[in-house]
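According to our numbering, the residues represented by the sequence shown are 33 to 292, in order. Ideal Cβ placement from N, Cα and C applies to all residues, glycine included. Nothing here was measured: the structure is a model prediction, and the numbers come from that model. Heads up, the thing below is written out as structure tokens.
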Amino acid sequence: MKISLASKRVVVTGGSSGLGAAMAVAAAAAGAKVALNYSRSAAHAKSVVAQIEAAGGEAFAMKADVSNPKAVAKFFAAVDKRWGGIDAAINNAGMDGERALSWKVDFADWMKVIEVNLAGTFLCSAEALKRMVPRKHGVILNVSSVHEVIPWSGYSAYCASKAGVSMLTKTLAQEAAPFGIRVLAIAPGAIRTPINKNVWSDPEALEELKLKIPLGRMGEPSEIANMAVALISEVASYVSGCSLFVDGGMTNYPEFARGG
Ligand code: BGC
Numbered sequence: 033m034k035i036s037l038a039s040k041r042v043v044v045t046g047g048s049s050g051l052g053a054a055m056a057v058a059a060a061a062a063g064a065k066v067a068l069n070y071s072r073s074a075a076h077a078k079s080v081v082a083q084i085e086a087a088g089g090e091a092f093a094m095k096a097d098v099s100n101p102k103a104v105a106k107f108f109a110a111v112d113k114r115w116g117g118i119d120a121a122i123n124n125a126g127m128d129g130e131r132a133l134s135w136k137v138d139f140a141d142w143m144k145v146i147e148v149n150l151a152g153t154f155l156c157s158a159e160a161l162k163r164m165v166p167r168k169h170g171v172i173l174n175v176s177s178v179h180e181v182i183p184w185s186g187y188s189a190y191c192a193s194k195a196g197v198s199m200l201t202k203t204l205a206q207e208a209a210p211f212g213i214r215v216l217a218i219a220p221g222a223i224r225t226p227i228n229k230n231v232w233s234d235p236e237a238l239e240e241l242k243l244k245i246p247l248g249r250m251g252e253p254s255e256i257a258n259m260a261v262a263l264i265s266e267v268a269s270y271v272s273g274c275s276l277f278v279d280g281g282m283t284n285y286p287e288f289a290r291g292g
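The structure is reproduced here in structure tokens:
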């Protein structure tokens, strides 16, 4: 069995760094044309595009805030203009936000996380579905997190947004299924990216984190990216309406391995 995305047009939001960059590169390596958006760093986005082109692939990057409906519409219109439509959308753009207990958090900061992670996923999914439904073809992969089910003190917006992404995924999957469109989510655990550098760059914090991971190590971005490629490919043609946890067992109640 060969996993191929040959001739597929794939949108990856937040494709300039971390998991998004890894997924963009992996999708291109599997033969896809990749459009990525970024919110801040044009330089990072350019370097992902350059990496894809150096490997013989095709990609372009555009600045777009996923929580802004007009910016999202513009981004998808740019993909249409270039490639005449899309075959898969990976809604990856997201942020943890600053750690703050709910009675201390700044509401604007709290809302920003919801807007980017949840509203952003909705807006990009809606733009993708507008194009996919009439063609009765396409797949949407939302990037959730183990925190769609694991509460995380100090990150109420993040956890609520990811639980929301999970239910959004299931609901959109129900809406889109009659058109042969799959909507699903990938739920990563602790993957070594810039988002959690504060943890993996501190030896004590890293040891504490490893206790929460049955496989005893953080994941690498490629371990999410490879699975994402499989999930948007024909290999996963019967998978829809669910989240696949790729977390080294983090959601498997690791404490119970040490007695009940
Ligand atoms: C967060 C990471 C965290 C991981 C496990 C992810 O969703 O973005 O910062 O390390 O969950 O807690």
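So, is Asn-123 buried or exposed, given that buried needs 16 or more other C-beta atoms within 10 angstroms?
So Asn-123 counts as buried.
Along the chain, which unbroken stretches of the beta strand (DSSP E) at least 3 residues long are found entirely within the region 107-150?
Counting whole runs of 3 or more residues, the region 107-150 contains the beta strand (DSSP E) stretches 120-123.
Taking the alpha carbon of Ala-192 as the reference point, which residue from Ala-93, Glu-180, Leu-200 and Val-165 has its own alpha carbon closest?
Among Ala-93, Glu-180, Leu-200 and Val-165, the Cα nearest to that of Ala-192 belongs to Glu-180.
With DSSP as the reference, label Ser-48 as helix, strand or coil.
Note: Ser-48 maps to coil in three-state DSSP.
For the region 43-51 against the region 66-80, are there 3 or more C-beta pairs whose distance is under 8 Å?
Touching, yes.
Determine the closest residue to Thr-153 out of Gly-212, Ser-134, Met-164 and Ser-176, with distance taken between C-alpha atoms.
Considering only alpha carbons, the answer is Ser-176.
Please classify Gly-126 as buried or exposed, where buried requires at least 16 neighbouring CB atoms within 10 angstroms.
Buried, since its Cβ has 16 or more Cβ neighbours within 10 Å.
Hey, Leu-161 and Ala-110: beta-carbon distance below 9 Å or not?
The answer is no: Cβ separation not under 9 Å.
Ile-172 lies in the beta strand (DSSP E); which residues open and close that run?
Per DSSP, Ile-172 belongs to the beta strand (DSSP E) from 171-175.
Take the Cβ of Asn-174 as the centre, count every other Cβ of all protein chains shown within 10 Å, and call the residue buried at 16 or more, exposed below.
Buried: at least 16 other Cβ atoms inside 10 Å.
Of all the beta strand (DSSP E) runs that stay within the bounds of the region 189-232, which reach a length of 3 or more residues?
Runs of the beta strand (DSSP E) inside the region 189-232: 214-220.
Measuring only from the beta carbon, is Met-143 closer than 8 Å to any heavy atom that is part of the ligand SAH?
Summarising the ligand content, the structure contains the ligand BGC and does not contain the ligand SAH.
Pick out whichever of Cys-274, Trp-142, Gly-248 and Met-250 has its Cα sitting closest to the Cα of Arg-214.
It is Cys-274 whose Cα lies nearest to the Cα of Arg-214.
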